[in-house]
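Take a look at the structure below.
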Amino acid sequence: MAAQENTPTKGEASGAAGTAPLHVAIVMDGNGRWAKRRGLPRTLGHRAGVEALKRIVEAAPTLGIRWLTVFGFSTENWSRPAAEVAELMALPKRYFETDLARLEREGVRVRVIGSREGLSRELVKICAEAEARTAKNEVFDLNVAFNYGGKADIVDAARRFAEEVAAGRASPADLTEDGFEALLATAASPPPDLIVRPSGEQRLSNFMLWQAAYAEFIFQDVLWPDYSAEHLQAAIAEFQTRNRRYGAVAPDDALATG
Ligand code: FPP
């Protein structure tokens, strides 16, 4: 994997004009519509979505991205028809069977974030193997959000903190934003600089609710199975035109208020 000269630390933010987003998060949306337009079953749309994921994981480090988080299955997706849920449950196996060796070799660290509750024993084992085999990698981080929900992530973190308090190891007064962030499923990554959603839909759908506080959002009119490195490059180019102020004012405007 040809990563760009890019060795940021977790605490480093990006977003000054011209810099690449270090952490990009993607809602991989549009598989069903892609299949429907071709008269195919939705399952084939999801399989095509796995191929798009492979392309983007390969391309991301070459575009200056250091962390990539993708939304593969939400806590709400259980409400889909059983046959579709079964197909979605088979996607991590489909992906890791063909790509885990390459990810391992190329320095990609995989984390599967989300609840293991409801997943088959085989799937839990597949996720654990992907994480274990890549645990020492440091070139690039891939977070696969699977059975993940932003609200559940926050509730789990709150529960963990409450347990620490109940056990006498923490006090409510000690809780800080940074401390809470460290309890979230994404603790090992900085917050996303850029959240991309293809397919034309413009919503977050319970993805990284806390982490999205200062992310830039880019919505693209392409269905996920058609998503290419060029689409990602276009999103990055738009990101680079954004002016991230984190609630402050730009220095020139600050002078004008004096
Ligand atoms: C949303 O599109 C997509 C999903 C629910 C599944 C996304 C999963 C992948 C792209 C592959 C993931 C691979 C791994 C390894 C987890 P949709 O089905 O809602 O599309 P629609 O809005 O057009 O119906």
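This note's numbering runs 1 ahead of the 1-based position in the sequence shown. By construction, the Cβ of each residue, glycine as well, lies at the ideal position given by its N, Cα and C atoms.
Which residue's Cα is closest to the Cα of residue i: the options?
i    : options                : result
D157 : A186, A131, E139, A171 : A186
R134 : V113, D154, E231       : V113
F72  : I127, P82, P42, G150   : G150
D30  : T99, L89, H24          : L89
F208 : N144, P82, A230, L124  : N144
Q203 : L23, V28, V125         : V28
Can you list, in chain order, the residues of its chain whose CB lies under 8 Å from that of residue i, leaving out five sequence neighbours each side?
i    : result
Q241 : A18, G19, T20, A21
P42  : A36
H232 : P199, Q221, V223
E130 : F97, L101
Check residue i in the structure and name its three-state DSSP category.
i    : result
R122 : helix
F271 : As displayed, the chain neither begins before 2 nor continues past 259, which places residue 271 out of reach and without an answer.
V58  : helix
L69  : strand
N7   : Bear in mind that the predicted position of N7 carries a pLDDT of just 44, short of 50, making it unreliable; the figure below should be weighed with that in mind. N7 falls in the coil class under three-state DSSP.
F208 : coil
P260 : Given a span of 2 to 259 for the chain in the structure shown, any question on residue 260 remains unanswerable.
R198 : strand
A189 : coil
If you drop the 5 nearest sequence neighbours on each side, which residues of the same chain put their C-beta closer than 6 Å to that of residue i?
i    : result
Y215 : Y247
T8   : In this prediction, T8 has a pLDDT of 47, which is less than 50 and means its spatial position is unreliable; what the coordinates show is noted afterwards. Correct list: empty, nothing qualifies.
In terms of residue numbering, what span does the beta strand (DSSP E) encompassing residue i cover?
i    : result
Q143 : This sequence places Leu at residue 143; Gln is not what is there. L143 -> beta strand (DSSP E) spans 141 to 149.
W35  : Careful: W35 lies outside any beta strand (DSSP E), inside the alpha helix (DSSP H) at 32 to 38.
V111 : 109 to 114
Once the 5 residues before and after residue i are set aside, which same chain residues still bring their CB inside 7 Å of it?
i    : result
E132 : V111, R112, V113
What span of residues does the alpha helix (DSSP H) with residue i cover, start to end?
i   : result
V86 : 83 to 90
Hey, is residue i close to the ligand PLP, as in C-beta under 7 Å from one of its heavy atoms?
i   : result
N78 : As presented, the structure is devoid of the ligand PLP, carrying the ligand FPP as its sole ligands.
Compute every distance between the C-beta of residue i and the non-hydrogen atoms of the ligand FPP, then say whether any falls below 7 Å.
i    : result
V111 : no
F240 : no
Y149 : no
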